Each structure stands twice: as structure tokens, then as C-alpha cells.
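Undergrad: Keeping their order, the protein sequence lines are chains E and R.
So my numbering is basically just the index in the first sequence, starting at one, shifted up by 31.
So my numbering is basically just the index in the second sequence, starting at one, shifted up by 31.
We treat Cβ as the ideally placed atom computed from N, Cα and C, and that holds for glycine.
Since the model is a prediction, treat every value here as computed from it, not as a measurement.
Here it is, the structure, as C-alpha cells.
Protein chains: 2
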Amino acid sequence: MTESSKAAGDEAVEPGRRIRADARRNEDAVLEAAKQVFAASGVDAPVREIAARAGVGVGTLYRRFPNRSDLVAAVFRREVDACAAEAAALAAAHSPGEALGLWLRRYTRFIATKKGLAAALHSGDQVFETLPAYFRTNFEPALTALLEAAAAAGEIRGGVAAYDLLRAVGNLSVASGEEGDQHTQRMLDLLIDGLRYGAAARQEPTVR
Amino acid sequence: MTESSKAAGDEAVEPGRRIRADARRNEDAVLEAAKQVFAASGVDAPVREIAARAGVGVGTLYRRFPNRSDLVAAVFRREVDACAAEAAALAAAHSPGEALGLWLRRYTRFIATKKGLAAALHSGDQVFETLPAYFRTNFEPALTALLEAAAAAGEIRGGVAAYDLLRAVGNLSVASGEEGDQHTQRMLDLLIDGLRYGAAARQEPTVR
DNA sequence: TCATAAATGGAACTATGTTCCGTTTATATG
DNA sequence: CATATAAACGGAACATAGTTCCATTTATGA
């Protein structure tokens, strides 16, 4: 179940041979296809559709993901990874304040694709129970780094808890229905301005 | 043959005949069976199981409830009706304070059977969209009457909003996981004692 | 080049919602 | 009471979805 051997480039240390190249390619194709299909049709989209888009048989899909909830969870983790990783990339390419703003926008896009997943989270499926923790342990450090850098540069106030901000932005993104994107954008801008307001001033936790 | 020169005494205002007795009987059997099956196996229980328990074919079931969400919604409304109606019955048979306490316990039992439904509520199905309003328009007046009677009798404080109390008790009931029943009971008792505390004193909204 | 185990694809199996339609039955009417 | 008839019924059949199985293909080490 919890096979997380991804980073190791060529670590085929022991028993059998190493994972076949086509197998790895297909796993990737399935994850990518699933991500697209879930975004387009929700997490209840048929497995067959995902397999088809990945150019793969359902048998191949099931070899890697014994049931659909495993696939859903895997896509979720992968998107968390991607979004969290972008924090460092943005930090390297922009000023601390810009990096923070850009990442928060990126994060709202992540949230936007998770509408249907919220329901699945409460479905009682064991596979999903670790996802909230995965979410937090990845996003909190990433955002904390951005916040601290921006605060150190005097671009925003200090004393803002990353988790509070994650929740606040998450709730903002969910609340709106029609024209959700624009509304979320405006609210997020407001929030970011709020962070800037006390820049370099006192260190008081004011947000939330 | 589409005509009847008599006033429609029943609920059917249509010109046809009145609903056949067996049809009404079966509808009732289906609703009762569905209530039991939903309570035992959750709202995702198969339609066939409900039909079987009701001693009816699936065709009969679908004649009355064109799809499963209609059935779920109907059961929900019926249970709301039953629970709300009990408020008046309890009020007639007990002292105002007792009636209030008994009904709140009854209400926690209602909530307890709605675990799976919470997810369905957010499924986006049109049929479910009216349920929250149905819930409120039935329970709020019922509980308001109990509260006012108990307050008038000097058994509890006044100024407590029924809707706030409904939400509070609802959240209490959902929060707990293991040993939920007992935990909910203790919390509810605490809440009721809180209501009693300021009995006949000042009229301040304190709860919630 | 070759042997072999890994990997594959998709038919087949199962479960579930929904529809269809031949049969049964309640009821109005004479 | 007998009868015609539309309503109601039951459950087989259909559609769609998750999951399993296995004969066939293929990457890879030797």
C-alpha cells in the first residue's frame, strides 16, 4: 500500500529486477490522466474513462491502484506535492512578497479542483483518512517558509500562522458558487493586502 | 372517463379516480422499509434491499419514487415530520420543562440516524436542495413552542433562539465518534442544565 | 539472441440504478 | 353481483460502474 519509492532514481537494491520502464511510464500516464479527468468530471468519474485517456487497459490501472480510492488518494498526494514544491521554486525566482502572493494564488487553484473530494473525504474510506495529515504536513512548512521570508524582508507583518492562513484561503475558495474564481481572487487580494498592512511594524498575530 | 362531478375531498385534486388502497399501503411499506434499511446500512443501501424488505418489486418502488434520491428525501421529510410532531405530543403529556428535555433527546436520536445523509446533502443532487429549509421550517417552530412554554413556566431562562439550540445539539451529536451516544447524552444534559440555570431570571440570550 | 518474469489489455464477473412490459387487481359502474 | 378497465404490480432486462482474471506481449538480464 504505502509504497513511496519514487525519489530513488535507480535503487533496485534487492530482490527482483527493478521496475520496468514501461510500467513506470504507464503509472505516470494514469496519474496524469486521472488528474485531468477528476478536474473535468469530478472524483466520481469512471475508471474506464481514466484508463482510456491514459491509453492503458483497466487491468494495468488496477495493477498499480488496487481500487479507485487508491487512485484518488494518489492523485491528491501528487497534487499536494506539486503545489508545495512550487513554493520553493517561487521563492527562488521572486522577491519574498511576490513569491507569497503568487503561491497563494497557486494554492487557490489547487483548492478549486478539490470540490468533489471534500465529500469523498468523509466517505469513511480508510484510504482517505491519512490525507488531511498529508495536506497539513506538506503545506504548513511550505507556507511557513514563505511567510517568514516575507516577514523578514519587511514586506508583510509577522506572527501569522501558516495553518490559519491555509484554512482561511481554503474557506474563501469554497464559499463562492457562481463567478467563484473572481470572487475568490478579490478576497485573496484583500487578504494579502491585510498581510502587507502592518509590514515591519509590530509582531502581532492578527489574521484569524 | 376523465371526469368526476364530485368535489375532491381528498388531497388528489386531479380528475381521475382516487389513489388505490394497495398503492397507498405499498408506498407506506416502502418508506418504512427504507427508514429501517437506511438506519441499518446507511443511505447508500441498494434499492433492491429496500424493495425486498417492503415486500414489493423494484418496479413498484420506482413508480412512486422515480429515483433513489427521491426516496431518500421522502424518508428524511417523513422523519422530520414525525420528530417535529412529537413536540406537541410531549408538550401535552408533560410539564413544559420535561417536555423540552424529552424532545431534545428525541432530536438527538433523529440526528444520530443522519450520519450518511450529511454527505448526500452536498452531492449536488437537486432533490436534496430543499431539505435544509424543510428541516428548519419544521423544527424551529416546534422547538420555539417548547422553549417559550418552559420559559413562561419559569423552568428555563428565556431568550434562547431555537435555531441556535438546534444547531448546537446537532453539532454535539455529530462531533463524537466512539461511545457517541453516552457522550452526546452527557453534553446534552449539560446544555439543558444550562438552560435551567437562569430560570425565571433575566431574559438574556446566552446560549451560543 | 534468448529465457523468463513482469506487465499488459480487455473480456468477463459482480453489483447497482433504472426501465419496460406482460400480468394482476381494485374499483366504478350497470 | 358481474364486469370492464385503468391503475398498480413484479421482476426480468438493460445500462453503467468497480474489480478480477488470464492468455498474450514485452522489457531486461544473461
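1) In the structure shown, what three-state DSSP assignment does residue 7 of chain R receive?
2) Just the chain E side, please: which residues come within less than 8 Å of residue 153 of chain R by C-beta, in chain order?
3) Out of E:148, E:128, E:150 and E:60, which has the shortest C-alpha to C-alpha gap to residue 225 of chain E?
4) Find the nearest neighbour of residue 86 of chain E within the set E:138, E:64 and E:133, judged by alpha-carbon distance.
5) Assign residue 164 of chain R to buried or exposed, taking buried as 16 or more other Cβ atoms, counted over all protein chains shown, within 10 Å of its Cβ.
6) The alpha helix (DSSP H) with residue 77 of chain R in it runs from where to where?
7) Are there 16 or more other CB atoms within 10 angstroms of the CB of residue 188 of chain R, so buried, or fewer, so exposed?
8) Rounded to whole angstroms, what is the Cα-Cα separation between residue 98 of chain E and residue 119 of chain E?
9) Within 10 angstroms of the Cβ of residue 81 of chain R, are there 16 or more other Cβ atoms? Answer buried if so, exposed if not.
10) Taking only the alpha-carbon atoms, compute the straight-line gap between residue 137 of chain R and residue 90 of chain R and give it to the nearest angstrom.
11) CB-CB under 6 Å to residue 103 of chain R, same chain, minus the five flanking residues each way: which ones, in chain order?
12) Could you give the distance in angstroms between the alpha-carbon of residue 155 of chain E and the alpha-carbon of residue 150 of chain R?
13) Along the alpha helix (DSSP H) that carries residue 169 of chain E, what are the first and last residues, could you check?
14) Can the beta-carbon of residue 203 of chain E be found less than 7 Å from the beta-carbon of residue 218 of chain E?
15) Inspect the beta-carbon positions of residue 62 of chain R and residue 107 of chain R and report whether they are closer than 7 Å.
16) Span of the alpha helix (DSSP H) holding residue 70 of chain E?
TA: Reading from the atomic positions:
1) Chain R is shown from 32 up to 239; residue 7 of chain R falls before or after that span and cannot be answered.
2) Counting from one through the second sequence, the residue named residue 153 of chain R turns up at place 122. Result: 149 and 150.
3) Translated into positions along the first sequence, residue 225 of chain E becomes position 194. Among E:148, E:128, E:150 and E:60, the Cα nearest to that of residue 225 of chain E belongs to E:128.
4) Numbered from its first residue, the first sequence carries residue 86 of chain E at position 55. The shortest C-alpha separation from residue 86 of chain E is found at E:64.
5) Position 133 of the second sequence, counting from 1, holds the residue named residue 164 of chain R. Exposed, by the Cβ-count rule.
6) Position 46 of the second sequence, counting from 1, holds the residue named residue 77 of chain R. Counting along the chain, residue 77 of chain R falls outside any alpha helix (DSSP H), and DSSP gives it neither H nor E.
7) Numbered from 1 along the second sequence, position 157 holds the residue referred to as residue 188 of chain R. Classification of residue 188 of chain R: buried, given that the 10 Å Cβ count is 16 or more.
8) Counting from 1 along the first sequence, the entry for residue 98 of chain E is found at position 67. Counting from 1 along the first sequence, the entry for residue 119 of chain E is found at position 88. Rounded to the nearest angstrom, the two C-alpha atoms are 33 Å apart.
9) Translated into the one-based positions of the second sequence, residue 81 of chain R becomes position 50. Residue 81 of chain R is buried by the Cβ-count criterion.
10) Along the second sequence, one-based indexing puts residue 137 of chain R at 106. Along the second sequence, one-based indexing puts residue 90 of chain R at 59. Cα to Cα, the separation comes out at about 35 Å.
11) Position 72 of the second sequence, counted from the first residue, corresponds to residue 103 of chain R. These residues qualify, in order along the chain: 74.
12) Within the first sequence, residue 155 of chain E is the residue found at index 124, counting from 1. Within the second sequence, residue 150 of chain R is the residue found at index 119, counting from 1. Looking at the two C-alpha atoms, the distance is approximately 11 Å.
13) On the first sequence, residue 169 of chain E is found 138 positions in, with the first residue counted as 1. Residues 162 to 183.
14) On the first sequence, residue 203 of chain E is found 172 positions in, with the first residue counted as 1. On the first sequence, residue 218 of chain E is found 187 positions in, with the first residue counted as 1. A contact, by the Cβ cut-off of 7 Å.
15) On the second sequence, position 31 is the one that residue 62 of chain R refers to. On the second sequence, position 76 is the one that residue 107 of chain R refers to. Against a cut-off of 7 Å, the Cβ pair of residue 107 of chain R and residue 62 of chain R comes out as no contact.
16) Along the first sequence, one-based indexing puts residue 70 of chain E at 39. Unbroken alpha helix (DSSP H) run through residue 70 of chain E: 52 to 72.
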